[in-house]
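Protein chains in written order, with our numbering: chain U, 11 to 444; chain E, 3 to 300.
Listed below in structure tokens is the structure:
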């Protein structure tokens with residue numbers, strides 16, 4: 011079943027590639043659809059439409075999207091393939107093992123979530139040999155002793171370790187019951203003993219699922235913010251270095267070109283992000299993966315909201331930086347300091363997800379536009395924020411984005427036509443600039 | 003002929019450097035105007051100022067008497083000195099995009115793109131990426147980018163630089179044709195011979211100031227009269243040095259180039275030459291544009 015789904019995915023990818031290729035070859039002289047047609051009008055829309063069209067047409071974008079989808083598919087499908095095969099624990103048995111003790115061994119296996127396969131061993135030395143070679147996971151000698159290859163600690167969480175600890179206790183009890191010479195009814199009662207139910211005053215939460223969603227959402231926000239903002243930076247830099255900007259700015263105002271660029275790349279970015287998320291959800295449902303199972307809709311929505319707000323905030327800053335550079339090496343020296351608040355917010359958010367409760371400092375970060383895209387979804391995931399606090403942070407972010415956009419447009423306007431070397435910030439604010 | 007584009011008192015300083023110093027001149031419609039000056043004279047800054055690509059300390063640019071803004075600039079065509087196109091974008095798409103940025107509808111931009119690519123002989127490259135074209139073809143695309151929206155003012159910074167003679171002829175023909183159809187055409191160049199062939203008028207600037215402006219014919223025929231005289235057997239033009247008011251500017255292979263003072267009678271020069279030997283050449287010569295240029299900058 012799963013193999014068929016993987017094959018179907020690969021077939022769809024191949025079909026899409028072939029279709030694009032066929033369409034290109036079949037009609038080389040087909041009339042081009044006019045640029046900027048469709049829902050867009052005005053200069054900003056024309057610039058944005060060009061950006062969308064050229065990016066989607068680019069080989070790097072297509073291959074990159076394909077690779078991301080393949081990685082996502084692998085991340086979802088491979089764990090489900092492995093989880094389908096529950097490995098049986100092989101238990102070597104030296105000497106006789108009474109029927110009640112055999113039943114106890116099987117029951118202990120079930121209690122730790124595995125099945126037990128008994129393997130008869132001729133003597134202790136044969137059992138030791140099988141243990142060393144890994145043919146059996148543990149051995150029971152005459153129902154009185156358990157032999158393992160490596161020592162087992164209480165904190166060890168492997169299935170074998172859990173089985174060994176359960177067996178050592180259960181076999182000990184079984185032996186004690188035998189030694190007490192109880193009636194079969196009494197024995198059955200003892201072995202059927204159930205733990206008492208525990209009632210809690212606070213309602214329980216599906217902590218695992220929320221935790222996973224926060225983590226997946228965080229990674230999504232981090233990867234996309236760094237990736238798409240770098241597109242903006244390099245896109246602006248390339249317009250400057252190819253000097254095409256002078257031709258464009260003879261017709262449109264700098265702020266229109268800048269806004270169109272940010273909007274166009276943003277649209278492509280969110281189309282790609284949406285494709286990846288929808289693909290992941292559909293595939294996870296199809297193969298029965300529990301990776302996204304139990305995703306809290308609220309956390310998902312807040313992650314998407316902050317992805318948009320984060321892009322809106324950072325894209326202007328990156329665009330202004332791009333206007334100050336005209337070579338790849340200059341881009342790297344500009345991009346690094348800009349990525350620091352993103353990395354900082356990401357690490358703080360990861361740490362908080364791990365700790366399970368937010369510090370006061372982290373709660374402050376949720377209101378600062380550079381770190382809010384990471385901090386706020388985590389607070390939502392942990393249920394540590396009220397709706398009005400969320401809304402307040404959104405408002406702060408929007409107001410700051412407007413301010414940053416104005417500042418960035420000013421820098422862009424002054425820097426984009428200055429060529430020859432990297433533009434320094436202080437030059438842009440002096441009287442002689444331009 | 004009406005003047006459409008006026009530059010009035012343009013001044014631009016970069017720190018201590020004055021790039022434009024109260025520069026004023028105008029460009030009439032229907033003529034090709036050559037815009038000349040030595041390197042660093044302020045030609046590129048002037049052209050960029052028309053498109054608002056550099057801030058001005060003072061001065062205005064007017065078109066049909068109105069101050070130039072974004073709406074007017076959309077009707078202008080510009081070819082910057084440093085060529086600029088999207089390297090990875092297809093030629094046809096690029097021209098359509100620029101046409102639309104200048105206010106054309108989608109279908110109009112498509113039609114104009116096809117027609118200009120055909121006119122410039124690169125219709126078969128419409129689907130090629132710009133960086134796959136030769137230098138000469140890139141230059142043609144750049145010219146098409148300035149022309150695609152049928153501009154009423156055409157401003158070209160060094161459009162002939164780096165072209166072979168065929169390319170120069172092709173682009174030159176387009177410039178003349180545009181001017182004949184009523185467009186204001188001004189272009190800068192260092193190739194003065196080509197400017198002389200293409201332009202009706204020239205504007206020469208230096209240190210951001212206007213030095214000379216006028217029709218090429220008037221400039222060439224103005225100033226002192228020039229004579230080229232060849233006398234058999236004469237190698238150094240010594241006969242001419244004896245004539246009062248005549249200066250020998252150079253002697254090249256037996257042909258003496260003479261500059262006549264205002265009171266000098268050319269017939270007296272001819273008689274002096276005939277006395278020196280048999281006269282095989284006696285020609286009045288116009289000033290070359292290169293001479294006008296050099297003299298203007300002295």
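Glycine included, every Cβ here is placed at the ideal spot set by N, Cα and C.
Helix, strand or coil at residue i according to DSSP, with G and I counted as helix
i              : result
residue 127(U) : strand
residue 346(U) : helix
residue 131(E) : strand
residue 410(U) : helix
residue 179(E) : helix
residue 124(E) : coil
residue 149(E) : helix
residue 251(U) : helix
residue 163(U) : coil
residue 140(U) : helix
residue 219(E) : helix
residue 150(U) : strand
residue 68(U)  : coil
residue 38(U)  : In this predicted model, residue 38(U) has a pLDDT of only 42, less than 50, meaning its place in the structure is not dependable enough to derive any value.
residue 180(U) : helix
residue 378(U) : coil
Extent of the continuous beta strand (DSSP E) run through residue i
i              : result
residue 2(E)   : For residue 2(E) there is no data in the structure shown, the boundaries of chain E being 3 and 300.
residue 146(U) : Note, residue 146(U): premise wrong, no beta strand (DSSP E); not H, not E.
residue 207(E) : 203–208
residue 26(E)  : 19–30
residue 262(E) : 257–262
residue 33(E)  : Neither: residue 33(E) is in no beta strand (DSSP E) and is coded neither H nor E.
Within-7 Å CB hit, residue i to chain U
i              : result
residue 161(E) : no
residue 86(E)  : yes
residue 189(E) : no
residue 55(E)  : yes
residue 82(E)  : yes
residue 76(E)  : yes
residue 286(E) : no
Residue-level contact to chain E via CB, residue i, 7 Å cutoff
i              : result
residue 215(U) : Only weak support is given to the placement of residue 215(U): the predicted model assigns it a pLDDT of 48, under 50, and the value that follows is read from those uncertain coordinates. By this cut-off, residue 215(U) is not an interface position.
residue 46(U)  : Caution applies to residue 46(U), whose pLDDT of 43 falls short of 50 and renders its modelled position unreliable; the value that the coordinates give is listed next. By this cut-off, residue 46(U) is an interface position.
residue 395(U) : no
residue 268(U) : no
Closer than 8 Å at the beta carbon, the chain U residues around residue i
i              : result
residue 104(E) : 261
Listed by chain order, chain E residues near residue i by CB distance under 7 Å
i              : result
residue 53(U)  : 103
residue 427(U) : 55
residue 60(U)  : 99
residue 64(U)  : 91
Chain-ordered neighbours of residue i on chain E, where CB pairs are closer than 8 Å
i              : result
residue 252(U) : 86, 87, 88, 89
residue 56(U)  : 99, 102, 103
Under 9 Å from the C-beta of residue i: neighbouring residues of chain E
i              : result
residue 277(U) : What residue 277(U) touches in chain E: nothing, since even the nearest Cβ is about 17 Å away.
Amino acids of chain U, ordered along the chain, whose beta-carbon sits closer than 7 Å to that of residue i
i              : result
residue 147(E) : 257
residue 2(E)   : In the structure as shown, chain E starts at 3 and stops at 300, and residue 2(E) therefore has no counterpart that could be examined.
Limits of the alpha helix (DSSP H) - the one that residue i falls within
i              : result
residue 391(U) : 382–391
residue 166(E) : Residue 166(E) -> no alpha helix (DSSP H), and no H or E assigned at all.
residue 159(E) : Where residue 159(E) is concerned, there is no enclosing alpha helix (DSSP H), although the beta strand (DSSP E) it sits in stretches over 155–159.
residue 290(E) : Segment: none, residue 290(E) is in no alpha helix (DSSP H) and carries neither H nor E.
residue 119(U) : 109–121
Within-7 Å CB hit, residue i to chain A
i             : result
residue 89(U) : This model lacks chain A altogether, as its protein chains are U and E.
Contact test: residue i Cβ vs the ligand SAM heavy atom, cutoff 6 Å
i              : result
residue 215(E) : As for the ligand SAM, it is missing from this structure, which has no ligand bound.
Please specify which runs of the alpha helix (DSSP H), each continuous and at least 4 residues long, are wholly inside the region 37–117 of chain E, giving them in chain order.
-> 45–52, 72–75, 93–103
Report the residue ranges of all beta strand (DSSP E) runs contained in full by the region 222–247 of chain E; include only those spanning at least 3 residues, in chain order.
-> 227–233
For the region 274–339 of chain U, which segments carrying the alpha helix (DSSP H) assignment without a break, of at least 4 residues, lie completely within its bounds, in sequence order?
-> 307–332
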